[in-house]
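Heads up: the structure comes next, in structure tokens.
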Amino acid sequence: LRPVPPVRPAGRGARPDAVRRHLPVQINRWMRVMPGLVLTLIETVLEAGGATVSLPDGSHRMVYAASGDITVTDRRNVVRLGEGMGCYCEGEVEVRAEAPSRIWTWQLGHGPADPDRLSGSEIRIERALEDLAPNGRYVLRLDRGYFPPGATALTHVHPGPGIRMVKSGAINIQQNGESHWYKAGDVWFERGPDPVLAPTTEEEATTFVRCLVLPEEWRGRNTISYVDPADNERPKLQQYHRFIDTLIDV
């Protein structure tokens, strides 16, 4: 059996089943037999107060209110989230809009998300986490990075993979010999061990939100590690706000 290749991101406006259609038939069959861990970012827009959306049972999730005001219910808690707030959810989740809202949900599960069970939502990006064992204990982290205009994250690595979504501004991700600019609403994936240099636009501040999957010993710890030890002493303008570190068993 061959490892599952990463699933390419679906662009804004793509149909919810775009990512699944990208997977070859033989890969879908393999994943049904022996699924590995897959991280998915789902975007939901609820255009009126009182509107709801349900996410099916079976996954670990971080839910983030990118705008608006929402109530999130899972099998353990009912949580009210204003704009810029997030929470961890387990099992089946219902999200209710208290005002027009945009919601970003990171989902970690065995195998890809089923678009047929995500009515009203869009899969923005989905990646197989090939470097992680399919069963074990991990830290699921939700945090936010803030960069003043022109700030740069010097060349660095992380101990685990993650998906990022730009909330404002623009950031240039340079890794594996490639360079891409990402603006508000764009998403990207980082494996973790691949060195990344990340300058940002000088025109405005840049903010992104991310979900990382980390070894359990990294709970509560800063994960950035600079490739050049001399960069540890250089001034850093960016700031990070950690919302949640949750230990999970998969």
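The working numbering runs 3 ahead of the 1-based position in the sequence shown.
No residue lacks a Cβ here, since even glycine has one placed at the ideal position from N, Cα and C.
Three-way DSSP call (helix, strand, coil) for asparagine 175 in this model: In this structure, asparagine 175 counts as strand in the three-state DSSP scheme.
Residue(s) in a DSSP beta bridge with proline 218: Tyr141
Three-state class that DSSP yields for arginine 120 in the structure shown: helix
Extent of the continuous beta strand (DSSP E) run through methionine 88: Neither: methionine 88 is in no beta strand (DSSP E) and is coded neither H nor E.
Leucine 200, enclosing beta strand (DSSP E) - first and last residue: That run of the beta strand (DSSP E) goes 199-202.
Where the beta strand (DSSP E) containing alanine 69 begins and where it ends: 63-76
Assigned exposure category for glutamine 110 - 16 Cβ within 10 Å defines buried: Classification of glutamine 110: buried, given that the 10 Å Cβ count is 16 or more.
Three-state class that DSSP yields for glycine 14 in the structure shown: Note that glycine 14 scores 45 on pLDDT, short of 50, meaning its location in the model is unreliable and no value can be drawn from it.
Secondary structure of alanine 233, DSSP reduced to three states: Correct three-state label for alanine 233: helix.
For aspartate 252, the three-state DSSP class (helix, strand or coil): In the displayed model, aspartate 252 falls within a strand according to three-state DSSP.
Cβ contact (3+ pairs, closer than 8 Å) linking the region 137-156 and the region 210-226: yes
Enclosing beta strand (DSSP E) for proline 103 [first to last residue]: 96-113
Own chain partners of serine 171 with C-beta closer than 8 Å, once the 5 adjacent residues on each side are dropped: Ala187, Glu207, Ala208, Thr209 and Thr210
Beta-carbon proximity check, tyrosine 185 vs valine 169, cutoff 7 Å: Inclusion of tyrosine 185 and valine 169 in the CB contact set at 7 Å is warranted, their separation being smaller than that value.
Contact the region 117-134 vs the region 39-55: 3+ CB pairs below 8 Å: yes
Threonine 55, buried or exposed, once every other Cβ within 10 Å from all chains shown has been counted against 16: exposed
With 16 other Cβ atoms within 10 Å as the buried cut-off, status of aspartate 77: buried
Where methionine 34 falls: helix, strand or coil (DSSP): Because methionine 34 sits at a pLDDT of 35, beneath the cut-off of 50, its placement in the model cannot be relied upon, and the following sentence gives the value as read from the coordinates. The answer is helix: DSSP assigns methionine 34 an H, G or I state.
Which listed residue (Leu143, Thr74, Gln242 and Glu193) has its alpha carbon closest to that of glutamine 178: Glu193
Three-way DSSP call (helix, strand, coil) for valine 7 in this model: With a pLDDT of only 42 at valine 7, under 50, the local geometry of the prediction cannot be trusted, and the value read off the model is given with reservation. Reduced to three states, the DSSP call for valine 7 is coil.
Best match in Pro137, Cys92 and Leu250 for proximity to glycine 39 [C-alpha to C-alpha]: Pro137
Valine 81 burial status per 10 Å Cβ neighbour count (16 or more: buried): exposed
Cβ pair glutamate 219, valine 142 closer than 7 Å: yes
Span separating the alpha-carbon of glutamine 29 from that of leucine 250: For glutamine 29, the predicted structure reports a pLDDT of 35, less than 50, and the residue's modelled location is therefore unreliable. The matter cannot be settled from this model.
Cα-Cα separation between glycine 165 and leucine 135, rounded to whole angstroms: Near 12 Å, if we compare the C-alpha coordinates of leucine 135 and glycine 165.
Where proline 27 falls, given that 16 or more other Cβ within 10 Å makes a residue buried: The predicted model places proline 27 with a pLDDT of 38, which falls under 50 and marks its position as unreliable; any figure quoted below should be read in that light. It counts as exposed.
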